[in-house]
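Participant: One structure is given below, represented as structure tokens, and several questions about it will come after.
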Amino acid sequence: MDRGALLSAPRAAVATALLLLIPFLWKPFHIDDAFWLAVAARIAEFPLAPYDFAFNWSGTPLPIWRTNLHPPLHGYGLAAIRGLFGSGEFAAHAALLPRALFAAFCAGTVAKRLSKNPALAALLATAAPAFVLGATNAMHDLTHYAFWMGAIAAGVEAAHADGKRAQGWAAAAGFCVAGAALSTYLGLALIPLLAVYWRAKRGRWSAQTLWLLLPLAAVALWGIYSLRHAGFFHPFAAGGYAAKPELQLAPKLPVAAAFLGGVLIWPVFCLPLLAWTPRKASGTAAAAFAGLWLWIGAGGLWAVLAAGGLAALTLAALGARDAGDDFPEVLLAVLWLGGVLVYAVGLNWSINARSLLPAGLPLAVLVLRWTDSLGFERRRSAMTVLTAGAAAAAVFSLWLGAADQGIARAQRAAAQREGGAGVRFIGHWGFQYYMERAGAAAYDYAKPKLATGDRVVVSVNNSGSAPLPVPVSRVSLTPVPNPWGVATMSPVEGKAGFYSSLYGVTPFALGPGQLYDVIVVERKD
């Protein structure tokens, strides 16, 4: 492959990310942005005590140490943005844009080392809704993903370099792993991933592996700090969710298959390619799909997305065979993909786009590696299909992003219209941020009493919107229609859960009659 082709992968990924994200630079704050903005405000005032405050994110004010199971690095970044550029939406999104472009650049850099089709691999990862919608919010997941991709890009370069250059890249990898781990503890998984890859690439353990002790030290120091301030070792607290009965592996498998197909979109285009696989492989995929469908009993959208997810995994498994001289790179992609899936399905509290986001590139690399085993005509056809999949993912990301932005705008408008001093509200996400800015206070279910004349504004299409435990009379009910025909979240109907499968077995819902939200105003008589 010529040098120009290699350089085109990072450039193509960055250009794609930029084009897809510019339309959303004015998006209102959404989903968990409100939570992280509260952390950032605290850090701006008390930088050495980031979590030493209470916040009503679960129906009653609770210590952030218990509410937030992620370390605070992203909050410090938001606090810096706030101090430098102000608290507006455009300022935040514009200042956060470089993290997405960096992640896209690193995806292209990694792809050129792992794939013979680096530009397409990078585009499949970058055009996916999981990346695009994640990058339009101010949450921590894109910060983690940027560090994750930076760590792997630096780690791969370290494996291909010698002497001081290798040590320099290894140091960069160590710092990026530390950044990932201080954004989300999942970043610690990069330590064994890179260590095993370096061992496989060089055939021996080398001194550069010592740089992977840096993130361990960073997380340990944060844990020691948390012992003093919270009374427990914060990094260990995140593992508690995986032990909950309602979050066990088996019930999540059918949902995970649909989410993998839906948050990336392009796996759906892998379905016709199964015709060129051995009967044993396609038969196994069909049997797995039939079993999951009989188990979950979901509708047609789930079926299409789940079939696509299983098809992509089948092609990836075939692409991992007969690695030959590429064994270290194939091993990296397999362990990377497998580790993300184990976390997203088996350890995370719900299936969601953010936890599956890091799976996009290794899945694309392995699927494209499978196409390399085909004859010329079939390979050309397969590449055409996957290129169409990348284009479709980009278009769908814009469509889905517009609908997601509509939810954020509807909740901001409701808060600006109904909020004010003395008003209580129920509902989180961006709605909470804008209600609090308008002077309203989150309703406290631990202190449910209302005085005569008190008003409560409820965002129904939201998390935490439980019924009021005291009698009230309804003042108004305002449905806010969604004209896009697609929805990312529908907690009431249970049809879409892009940000959490607790609200739907597919990441989005299609069809007319969708609602952005239903705003209910109630009053104590």
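Each residue of the sequence shown is one higher than the one before, counting from 887 in the numbering used here.
Just so it is clear, CB atoms sit at the ideal spot from N, CA and C, and this is done for glycine as well.
Note that the structure is predicted; figures quoted are calculated from it, not measured.
Counting C-beta neighbours from all protein chains within 10 Å, is the total for V1042 16 or more, i.e. buried, or is it exposed?
Facilitator: Position 156 of the sequence shown, counting from 1, holds the residue named residue 1042. V1042 should be labelled buried.
Participant: Give me whichever residues DSSP pairs with N942 in a beta bridge.
Facilitator: Your numbering for residue 942 matches position 56 in the sequence shown. Answer by DSSP bridge pairing, in chain order: P947.
Participant: With D1462 as the anchor, note down where its alpha helix (DSSP H) starts and where it stops.
Facilitator: The first residue shown for the chain is 887 and the last is 1411, placing residue 1462 beyond what the model contains.
Participant: In whole angstroms, what is the alpha-carbon distance linking S1168 and L1100?
Facilitator: What you label residue 1168 is simply residue 282 of the sequence shown in a count that begins at 1. What you label residue 1100 is simply residue 214 of the sequence shown in a count that begins at 1. Roughly 44 Å between the two C-alpha positions.
Participant: Under the three-state reduction of DSSP, which class applies to L911: helix, strand or coil?
Facilitator: As a first step, residue 911 is located in the sequence shown; it is residue number 25 there, counting from the start. Here L911 sits in coil by DSSP.
Participant: Between Q1094, P947, L1072, L1201, which has its C-alpha nearest G1350's C-alpha?
Facilitator: Taking the sequence shown and counting its residues from 1, the one referred to as residue 1350 is at position 464. Of Q1094, P947, L1072, L1201, the residue nearest in Cα terms is P947.
Participant: If you run the structure through DSSP and keep just helix, strand and coil, what is L1354?
Facilitator: Residue mapping note: residue 1354 aligns to position 468 of the sequence shown, counting from 1. In the structure shown, L1354 sits in coil (DSSP, three-state: anything other than H, G, I, E or B).
Participant: Output yes or no for whether 8 Å exceeds the beta carbon distance between A1021 and L1010.
Facilitator: As a working note, residue 1021 is residue 135 in the sequence shown. As a working note, residue 1010 is residue 124 in the sequence shown. In this structure, L1010 does not lie closer than 8 Å to A1021 by Cβ.
Participant: Are there 16 or more other CB atoms within 10 angstroms of the CB of G1316, so buried, or fewer, so exposed?
Facilitator: Here residue 1316 refers to the residue found at position 430 when the sequence shown is read from its first residue. It is buried - the Cβ of G1316 has at least 16 other Cβ atoms within 10 Å.
Participant: Distance check for R1303 and A1395, CA to CA, integer angstroms please.
Facilitator: Numbered from its first residue, the sequence shown carries residue 1395 at position 509. Numbered from its first residue, the sequence shown carries residue 1303 at position 417. Straight-line Cα distance between these residues: approximately 28 Å.
Participant: Report the three-state DSSP secondary structure of A1327 (helix, strand or coil).
Facilitator: Counting from one through the sequence shown, the residue named residue 1327 turns up at place 441. If DSSP states are grouped into helix, strand and coil, A1327 belongs with the strands.
Participant: Can you give, in chain order, each stretch of the alpha helix (DSSP H) that sits fully within the stretch 944-1012 and has at least 4 residues?
Facilitator: The stretch 944-1012 contains these whole alpha helix (DSSP H) runs: 950-953, 959-971, 975-1000, 1004-1012.
Participant: Would you check if there are 3 or more beta carbon pairs closer than 8 Å linking the stretch 1324-1339 to the stretch 1364-1378?
Facilitator: At 8 Å Cβ cutoff, the stretches do not touch.
Participant: Can you give me the C-alpha to C-alpha distance between Y937 and Y1071, rounded to a whole angstrom?
Facilitator: Here residue 937 refers to the residue found at position 51 of the sequence shown. Here residue 1071 refers to the residue found at position 185 of the sequence shown. Each residue's Cα considered, the two are about 16 Å apart.
Participant: According to the Cβ coordinates, are W922 and H1030 closer than 8 Å?
Facilitator: Here residue 922 refers to the residue found at position 36 of the sequence shown. Here residue 1030 refers to the residue found at position 144 of the sequence shown. Against a cut-off of 8 Å, the Cβ pair of H1030 and W922 comes out as no contact.
Participant: Output the boundary residues of the alpha helix (DSSP H) element that contains I1312.
Facilitator: Within the sequence shown, residue 1312 is the residue found at index 426, counting from 1. Careful: I1312 lies outside any alpha helix (DSSP H), inside the beta strand (DSSP E) at 1310-1312.
Participant: What do you get for G1399, buried or exposed, if any count of 16 or more other CB atoms within 10 angstroms of its CB means buried?
Facilitator: Along the sequence shown, one-based indexing puts residue 1399 at 513. Exposed.
Participant: Can you tell me where the alpha helix (DSSP H) with L1099 in it begins and where it stops?
Facilitator: Residue 1099 sits at position 213 when you count from the first residue of the sequence shown. Per DSSP, L1099 belongs to the alpha helix (DSSP H) from 1099-1116.
Participant: Using a 10 Å radius around the Cβ and a threshold of 16 neighbouring Cβ atoms, would you call A965 buried or exposed?
Facilitator: Taking the sequence shown and counting its residues from 1, the one referred to as residue 965 is at position 79. When all chains shown are included, A965 counts as buried.
Participant: I believe S1259 touches S1387 by the beta-carbon criterion, under 8 Å. Please report the beta-carbon distance rounded to the nearest angstrom.
Facilitator: Here residue 1259 corresponds to residue number 373 of the sequence shown, with the count starting at 1. Here residue 1387 corresponds to residue number 501 of the sequence shown, with the count starting at 1. That belief does not hold up - the Cβ atoms of S1259 and S1387 are roughly 34 Å apart, past 8 Å.
Participant: Ordered along the chain, which non-local residues of its own chain (more than five positions away) have a Cβ less than 8 Å from that of A1276?
Facilitator: Within the sequence shown, numbered from 1, the residue matching residue 1276 stands at position 390. L1006, L1009, L1010, A1013, W1152, listed in sequence order.
Participant: Where does P1078 fall in DSSP's three states?
Facilitator: On the sequence shown, position 192 is the one that residue 1078 refers to. Three-state DSSP puts P1078 in a helix.
Participant: I need the straight-line Cα distance from A1145 to L1243, nearest angstrom please.
Facilitator: Residue 1145 sits at position 259 when you count from the first residue of the sequence shown. Residue 1243 sits at position 357 when you count from the first residue of the sequence shown. Before going further, note that residue 1145 is Phe rather than Ala in the sequence given. Cα to Cα, the separation comes out at about 11 Å.
Participant: Should G1036 go down as buried or exposed, given a rule of 16 or more other Cβ atoms within 10 Å for buried?
Facilitator: Indexing the sequence shown from 1 puts residue 1036 at position 150. Buried: at least 16 other Cβ atoms inside 10 Å.
Participant: Applying the 10 Å Cβ sphere with the 16-neighbour rule, what's the burial state of K913?
Facilitator: Stepping through the sequence shown from its first residue, residue 913 is reached at position 27. Looking at its Cβ environment, which holds 16 or more other Cβ atoms inside 10 Å, K913 is buried.
Participant: With DSSP collapsed to three states, give me the class of L1396.
Facilitator: Taking the sequence shown and counting its residues from 1, the one referred to as residue 1396 is at position 510. Note: L1396 maps to strand in three-state DSSP.
Participant: Tell me whether P1131 is buried or exposed, calling it buried when 16 or more other Cβ atoms sit within 10 Å of its Cβ.
Facilitator: Walking along the sequence shown from the start, residue 1131 turns up at place 245. Note on P1131: pLDDT 46, under 50, position unreliable in the model; the coordinate value appears next. That one is exposed.
Participant: Within the continuous alpha helix (DSSP H) that includes P1214, where are the two ends?
Facilitator: As a first step, residue 1214 must be located in the sequence shown, where it is residue number 328. Taken as a continuous stretch (DSSP letters only), the alpha helix (DSSP H) holding P1214 covers 1213-1227.
Participant: Kindly indicate which residue of V1344, L1217, W1188 has the alpha-carbon position closest to the one of A1202.
Facilitator: As a first step, residue 1202 is located in the sequence shown; it is residue number 316 there, counting from the start. For A1202, the nearest C-alpha among the options comes from L1217.
Participant: Can you list, in chain order, the residues of its chain whose CB lies under 6 Å from that of S1001, leaving out five sequence neighbours each side?
Facilitator: On the sequence shown, residue 1001 is found 115 positions in, with the first residue counted as 1. Counting only Cβ-Cβ distances below 6 Å, and skipping sequence neighbours, we find A1007, V1251, L1254.
Participant: What residues are listed by DSSP as bridge partners for G1383?
Facilitator: In the sequence shown, the residue the question calls residue 1383 occupies position 497. Answer is M1375.
Participant: Do N1023 and I917 come within 8 Å of each other at the CB atom, strictly closer than that value?
Facilitator: Here residue 917 refers to the residue found at position 31 of the sequence shown. Here residue 1023 refers to the residue found at position 137 of the sequence shown. Yes, the Cβ-Cβ distance between I917 and N1023 is below 8 Å.
Participant: Measure the C-alpha to C-alpha separation of F1122 and L1113 and round it to an integer number of angstroms.
Facilitator: Translated into the one-based positions of the sequence shown, residue 1122 becomes position 236. Translated into the one-based positions of the sequence shown, residue 1113 becomes position 227. Distance between the alpha carbons of F1122 and L1113: 11 Å.
Participant: Just to confirm my understanding: we take H1314, look at its own chain, exclude 5 residues before and 5 after, and list those with CB closer than 7 Å. What are they?
Facilitator: Taking the sequence shown and counting its residues from 1, one reaches residue 1314 at position 428. Cβ within range, chain order: A920, W943, N1348, S1349, G1350.
Participant: With distances taken from CA atoms, which of L906, G1390, R1165 is nearest A986?
Facilitator: In the sequence shown, residue 986 corresponds to position 100, counting from 1. The candidate whose alpha carbon is nearest that of A986 is L906.
Participant: How would you call V1361, buried or exposed, if buried means at least 16 neighbouring beta carbons within 10 angstroms?
Facilitator: Position 475 of the sequence shown, counted from the start, is the residue given in the question as residue 1361. Exposed: under 16 other Cβ atoms inside 10 Å.
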